[in-house]
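Student:
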Amino acid sequence: PLCQMLFLTMPKVANFILKEGRKMTSKEIRSKQTFLRNEFDAFGKWNIPIIHKTELDLVGVNLISYTDLKTNDIDENKQRGVHFYIDDYRMEGLYYNPTKSLHRLSQYKFLISPDYSLYRDMPKAIQLFNVFRSRWCGVYWQSQGLTVIPNVSWGDSSTFDFCFDGIEEGSIVAVGTIG
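For reference, each letter of the sequence shown is one residue, going 4 to 182 in this note's numbering.
The structure is reproduced here in structure tokens:
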């Protein structure tokens, strides 16, 4: 049936279905933080998590792509900041399984929050979700002691209603020029 086919194509949901060899109850699913995503301070109409301001000396700092990271990277690379100006599919795990890459990310000087796409022809709901999950990842990393610079991106002027939410005033920000 169609319902089973949809379930099989949504592996991220499977994290909530099985627990210790049994199906989780609806109440258990709804109480998981990776389902609710409401554990951090939030801002505005859409409750976008707030990436707090970071003081950081960026003179002479270079960036490294998330796709080029190594588990035990060389010292030269560890002094770099990590950027996520890459295809969205390469970053899905950052949001859906945030602890998996935490150790690897923690060895670098700072992280720029993920640059999930805000294409102008995307539905607004997806654009809003992409801003939310970029900020959520950044706040999660901060809660784990990592240094984060928020990424800012927008589609068209209608995204200005939410694309700057979740960034503390006076923060250093990163803006990608691809797309």
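Backbone N, C-alpha and C define an ideal beta-carbon position, used for all residues, glycine too. Fair warning: this is a prediction, and the values are worked out from it, not measured in the lab.
Have a look at GLY96, LEU114, ARG107 and LEU59 and flag the residue whose alpha-carbon is nearest the alpha-carbon of GLY84.
Tutor: Out of GLY96, LEU114, ARG107 and LEU59, LEU114 has the C-alpha closest to the C-alpha of GLY84.
Student: Apart from the five residues just before and just after ASP76, which ones in its own chain have a Cβ nearer than 7 Å to its Cβ?
Tutor: The residues are GLN110.
Student: Ignoring anything shorter than 3 residues or poking outside the stretch 32-74, list the beta strand (DSSP E) runs there in chain order.
Tutor: If we require 3 residues or more, the beta strand (DSSP E) runs fully inside the stretch 32-74 come out as 66-68.
Student: Nearest-angstrom Cα distance between SER174 and ARG138?
Tutor: Taking the straight line from one Cα to the other gives about 13 Å.
Student: Apply the 10 Å Cβ neighbour rule to ALA177 and answer buried if 16 or more other Cβ atoms are within range, or exposed otherwise.
Tutor: Answer is buried; the Cβ neighbour count reaches 16.
Student: Going by alpha carbons, who is nearest to GLU42 out of VAL142, ARG25 and PRO117?
Tutor: That would be VAL142, whose Cα lies nearest to the Cα of GLU42.
Student: Are the Cβ atoms of LEU97 and PRO126 separated by less than 7 Å?
Tutor: Not closer than 7 Å, so no.
Student: Could you check what DSSP says for ARG107 in three-state terms: helix, strand or coil?
Tutor: DSSP places ARG107 in helix when its eight states are reduced to three.
Student: Starting from the C-beta of THR70, find all residues in its chain whose C-beta is less than 8 Å away, skip the five residues before and the five after it, and write them out in chain order.
Tutor: For THR70, where only same-chain residues beyond five positions count, the Cβ hits under 8 Å are ILE89 and ARG93.
Student: Just to confirm before moving on: does the CB-CB distance between HIS86 and SER104 stay below 7 Å?
Tutor: No. Outside cutoff.
Student: Taking all protein chains shown into account, do 16 or more other C-beta atoms lie within 10 angstroms of the C-beta of LYS112, making it buried, or fewer, making it exposed?
Tutor: With 16 or more other Cβ atoms within 10 Å, it is buried.
Student: Just the C-alpha distance for ARG107 and GLU95, rounded to the nearest angstrom, thanks.
Tutor: The alpha-carbon atoms of ARG107 and GLU95 are separated by roughly 16 Å.
Student: Per DSSP, which one or two residues make a beta bridge with LEU131?
Tutor: Looking at the DSSP assignment, LEU131 forms no beta bridge with any residue, so it has no partner.
Student: Quick check on ASN100: does DSSP put it in helix, strand or coil?
Tutor: Reduced to three states, the DSSP call for ASN100 is coil.
Student: Am I right that ILE51 and ASP159 are in contact with their C-beta atoms under 8 Å? What's the rounded C-beta distance?
Tutor: Not really, about 19 Å apart at Cβ, beyond 8 Å.
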